[in-house]
Amino acid sequence: MGLAAAYQALVNGHQVDILEASTEPGGMAAHFDFGGLSIERFYHFVCRSDHPTFELLAELGIADKMRWVETSMGFFHHGTLHHWGDPISLLMLPGVSLTSKLRYGLFVFACTRRDQWPSLEHQSATEWITRYCGKDIYDRFWHPLLDFKYYEYANNISAAWIWTRIRRIGKSRKNIMQEELGYIEGGSKTLVDTLLDAIARRGGRLHLGTPVQRVVIENNRVTGVATSASHFSADAVISTVPIPLIAGMIPDLPPEWKARYEAIHSIGVICVILKLKQSVSPHFWVNISEQGIEIPGVIEFSNLRRVNDTTIVYVPYYMPVTNAKFSWSDDKLRDDAFSCLQRINPALTRSDIIDVKVARLKHGQPICEPGFAAKIPPIQTPIRGLQIADTCFYYPEDRGIAESVRLGRNMARSIESNCP
Ligand SMILES: Cc1cc2nc3c(=O)[nH]c(=O)nc-3n(C[C@H](O)[C@H](O)[C@H](O)COP(=O)(O)OP(=O)(O)OC[C@H]3O[C@@H](n4cnc5c(N)ncnc54)[C@H](O)[C@@H]3O)c2cc1C
200 MGLAAAYQAL VNGHQVDILE ASTEPGGMAA HFDFGGLSIE RFYHFVCRSD
250 HPTFELLAEL GIADKMRWVE TSMGFFHHGT LHHWGDPISL LMLPGVSLTS
300 KLRYGLFVFA CTRRDQWPSL EHQSATEWIT RYCGKDIYDR FWHPLLDFKY
350 YEYANNISAA WIWTRIRRIG KSRKNIMQEE LGYIEGGSKT LVDTLLDAIA
400 RRGGRLHLGT PVQRVVIENN RVTGVATSAS HFSADAVIST VPIPLIAGMI
450 PDLPPEWKAR YEAIHSIGVI CVILKLKQSV SPHFWVNISE QGIEIPGVIE
500 FSNLRRVNDT TIVYVPYYMP VTNAKFSWSD DKLRDDAFSC LQRINPALTR
550 SDIIDVKVAR LKHGQPICEP GFAAKIPPIQ TPIRGLQIAD TCFYYPEDRG
600 IAESVRLGRN MARSIESNCP
């Protein structure tokens with residue numbers, strides 16, 4: 200979001216400094232070196248509806264880097280890996296009544312057709328899904344997904360937010376039977392690097408390893424930002440850091456505004472990334488609802504983006520950072536992740552592990568409860584020249600590159616009107 204905002208501001212004729220706390224650019228979409236393979240720290244796929252990404256790729260001259268792949272989904276339940284994600288797979292699933300299957304199928308279909316969400320805004324996903332699909336479907340499919348992501352918040356997640364997730368994936372299809380997902384050749388680094396080149400060509404300055412300590416406000420207008428080593432003067436500041444950091448970084452905001460930012464919470468995420476000698480399953484994504492496995496699913500990324508004939512699997516652990524698991528050692532996480540994969544594919548042995556990396560993020564996903572829309576403060580703050588947003592500002596859409604690009608560019612386009 201920050202890079203997209205910077206690029207657009209430069210296009211509009213402004214001078215731009217980008218201050219990034221990390222020593223790597225790209226934020227959640229950044230890459231790391233996985234034994235010679237450059238890959239995302241957190242899995243990234245593209246959906247057919249991600250238009251702001253396609254527009255930016257075209258503008259940067261790299262539209263030809265988009266790749267589309269016919270992918271499939273699995274569902275690991277009661278010790279068996281089932282095919283998932285199309286009407287036949289749903290009908291074939293054992294142990295679920297035909298009525299429940301039809302209700303669930305209709306529910307997913309209606310989600311892909313719906314484009315209004317006010318009626319969902321004040322319902323929890325738990326109430327909504329149970330009412331439309333029945334308790335059996337909720338308990339079997341959705342309860343474990345929400346529980347092992349949101350823990351104590353699981354029963355209070357917005358139905359509107361879940362709907363946009365179902366719709367985004369549900370509409371990324373070649374036809375009713377075939378899911379189709381995308382990736383950028385070379386990973387999200389290709390987009391980040393090309394954006395950085397375009398920014399540098401227009402005179403933008405990127406300062407890595409430069410956390411902002413304080414946004415400076417004088418006489419109700421922003422005048423710059425302070426880091427530990429220097430001061431950057433500015434007529435306009437766009438903040439795209441995670442919202443829970445705002446009150447500490449901008450202490451001079453009015454107290455009622457700080458309270459609004461402080462009322463928005465997030466969960467953390469840890470991804471255990473394994474490089475393996477053999478595949479876990481033919482699926483890109485396997486949802487899990489299985490006694491003794493405390494993760495919502497695994498992502499076999501190499502079933503989307505093929506990489507040097509090795510298998511790359513992401514095992515995501517979402518949770519509030521207060522959960523004891525968030526402090527587990529890398530070794531403990533690796534062992535837990537691998538034992539999950541072995542449950543799905545018992546033919547895997549430890550000798551199949553080539554390499555493992557653990558990536559942690561404290562603010563991995565905002566918690567959007569029913570009524571969340573009313574909690575989001577305006578992007579333009581009462582401080583002249585200061586705009587603030589993060590991924591929860593495009594609620595009910597889920598956090599994603601496309602929406603972050605769209606919002607970042609829109610904030611840059613608003614600089615003149617916010618900073619007369
Ligand atoms: C596990 C996971 C899976 C994902 N999967 C997908 C996917 O499949 N498809 C998709 O489109 N999107 C996906 N996303 C989301 C996507 O990565 C983000 O929406 C996108 O990167 C845009 O992020 P952003 O710029 O809005 O926020 P961020 O990437 O969080 O950027 C915020 C930046 O602020 C910096 N920062 C923090 N504090 C300071 C400070 N004090 N001073 C300066 N800088 C600071 C951070 O270092 C960071 O670079 C995923 C994210 C995660 C975590």
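The sequence shown lines up with residues 200 to 619 when you count with the numbering used here. Don't be surprised by glycine CBs; every beta carbon is placed ideally from N, CA and C. These numbers come from a predicted model, not from an experiment.
Query raised in the report: If we count the other Cβ atoms within 10 Å of its Cβ and call it buried at 16 or more, is L218 buried or exposed?
Result: The residue in question, L218, is buried, as its Cβ has 16 or more Cβ neighbours within 10 Å.
Query - Sub-7 Å separation of F431 and D249 beta-carbons - result: For the 7 Å CB-CB criterion, F431 and D249 do not form a contact.
Query raised in the report: How big is the Cα-Cα spacing for Q490 and H277?
Result: Distance between the alpha carbons of Q490 and H277: 8 Å.
Report task. Please go through the same chain and pick out, in chain order, the residues whose beta-carbon is closer than 6 Å to the beta-carbon of C246, but skip the five residues on each side of it. Result -> Annotation for C246: R367 and S371 place their beta carbon closer than 6 Å to its own, counting only its chain and skipping 5 residues before and after.
Report task. State yes or no: is the C-beta of P410 within less than 7 Å of the C-beta of A220? Result -> The Cβ-Cβ distance between P410 and A220 falls below 7 Å.
Query raised in the report: Taking 6 Å as the line, does the beta carbon of P581 fall inside it for any heavy atom of ligand 1?
Result: No, ligand 1 has no heavy atom inside 6 Å of this Cβ.
Report task. Give the secondary structure of F483 by DSSP, where H, G and I count as helix, E and B as strand, and everything else as coil. Result -> F483 falls in the coil class under three-state DSSP.
Report task. State buried or exposed for G235, treating a residue as buried only when at least 16 other CB atoms are found within 10 Å of its CB. Result -> The residue in question, G235, is exposed, as its Cβ has fewer than 16 Cβ neighbours within 10 Å.
Query raised in the report: Does the Cβ of S296 lie closer than 6 Å to at least one heavy atom of ligand 3?
Result: This structure does not include ligand 3; its bound ligands are ligand 1.
Query raised in the report: Can at least three beta-carbon pairs, one atom from the stretch 405 to 424 and one from the stretch 443 to 463, be found at a separation below 8 Å?
Result: Between the stretch 405 to 424 and the stretch 443 to 463 there are three or more inter-stretch CB-CB distances shorter than 8 Å, so the stretches are counted as touching.
Requested in this report: Would you list the residues sitting across from T510 in a DSSP beta bridge?
Outcome: DSSP lists L475 as partners of T510.
Report task. Please state whether DSSP places Q207 in a helix, a strand or coil. Result -> In the three-state reduction of the DSSP assignment, Q207 falls in the helix class, which pools H, G and I.
Query raised in the report: Alpha carbon to alpha carbon, how far is P317 from M227?
Result: Their Cα atoms are separated by approximately 29 Å.
Query raised in the report: For T220, is the beta carbon positioned less than 6 Å from some heavy atom of ligand 1?
Result: A quick correction: the sequence has Ala, not Thr, at residue 220. Indeed, a heavy atom of ligand 1 lies less than 6 Å from the Cβ.
Query raised in the report: From A324, I498 and I442, pick the residue whose C-alpha is nearest to that of S271; which is it?
Result: Comparing Cα positions, the closest option is I498.
Query raised in the report: Can you find a heavy atom of ligand 1 that lies under 6 Å from the Cβ of G403?
Result: No - ligand 1 has no heavy atom lying nearer than 6 Å to the Cβ of G403.
Query raised in the report: At a cut-off of 6 Å, is P410 close to ligand 1 when judged by its beta-carbon and the heavy atoms of the ligand?
Result: Result yes, Cβ under 6 Å from ligand 1.
Query raised in the report: Per DSSP, what kind of secondary structure is F233 in: helix, strand or coil?
Result: In this structure, F233 counts as strand in the three-state DSSP scheme.
Query raised in the report: What residue does the alpha helix (DSSP H) around H342 start on, and which one ends it?
Result: In the DSSP assignment, H342 falls within the unbroken alpha helix (DSSP H) covering H342 to Y349.
Query raised in the report: Within the present structure, is the beta-carbon of I600 separated from the nearest heavy atom of ligand 1 by less than 6 Å?
Result: The answer is yes for I600.
Query raised in the report: What are the residues that DSSP puts in a beta bridge with Y517?
Result: For Y517, the beta-bridge partners assigned by DSSP are V468.
Query - Sequence-distant residues of the same chain with beta carbon closer than 6 Å to L585, five excluded per side - result: V421 and V436.
**Report entry** Residue(s) in a DSSP beta bridge with D535
**Finding:** BP columns for D535 are empty, so no partner.
Report task. Provide the residue span of the beta strand (DSSP E) that contains S438, from first to last. Result -> Here the beta strand (DSSP E) through S438 covers V436 to S438.
Requested in this report: Return the CA-CA distance between C567 and L297, expressed in angstroms with no decimal places.
Outcome: The straight-line gap from Cα to Cα measures roughly 33 Å.
Query raised in the report: Which value, in whole angstroms, describes the spacing of the CA atoms of L395 and H406?
Result: Taking the straight line from one Cα to the other gives about 12 Å.
Query raised in the report: What number of angstroms, rounded off, separates the C-alpha of K300 from the C-alpha of G333?
Result: The alpha-carbon atoms of K300 and G333 are separated by roughly 10 Å.
Query - Three CB pairs or more closer than 8 Å across the stretch 346 to 362 and the stretch 280 to 293 - result: Not touching, per the Cβ criterion.
Query raised in the report: Quick one: is the Cβ of H243 within less than 6 Å of any heavy atom of ligand 1?
Result: At least one heavy atom of ligand 1 is nearer than 6 Å to the Cβ of H243, so yes.
Query raised in the report: Do the stretch 515 to 524 and the stretch 454 to 472 meet, that is, are 3 or more Cβ pairs less than 8 Å apart?
Result: With a cut-off of 8 Å, the stretch 454 to 472 and the stretch 515 to 524 count as touching, because enough Cβ pairs lie within range.
Query raised in the report: Is it true that the stretch 322 to 331 meets the stretch 478 to 497, where meeting means three or more beta-carbon pairs spaced less than 8 Å apart?
Result: In short, these stretches do not touch, since the Cβ pair count stays below three.
Report task. Please specify which runs of the alpha helix (DSSP H), each continuous and at least 4 residues long, are wholly inside the stretch 257 to 322, giving them in chain order. Result -> Within the stretch 257 to 322, the alpha helix (DSSP H) runs of at least 4 residues that lie entirely inside it are, in chain order, 286 to 291 and 297 to 312.
Requested in this report: Excluding the 5 residues preceding and the 5 following K264 in the sequence, name in chain order all residues of the same chain whose CB lies nearer than 6 Å to its CB.
Outcome: Within the same chain, Cβ atoms closer than 6 Å to the Cβ of K264 are found at I383, E384 and T389, the five residues on either side in sequence being excluded.
Query raised in the report: Which word fits A611, buried or exposed, when buried means at least 16 other C-beta atoms lie within 10 angstroms of its C-beta?
Result: Buried: at least 16 other Cβ atoms inside 10 Å.
Query raised in the report: Got a sec, what are the start and stop residues for the beta strand (DSSP E) Y382 sits in?
Result: Y382 -> beta strand (DSSP E) spans Q377 to I383.
Query raised in the report: Cβ-heavy atom distance between M272 and ligand 1 below 6 Å?
Result: No - ligand 1 has no heavy atom lying nearer than 6 Å to the Cβ of M272.
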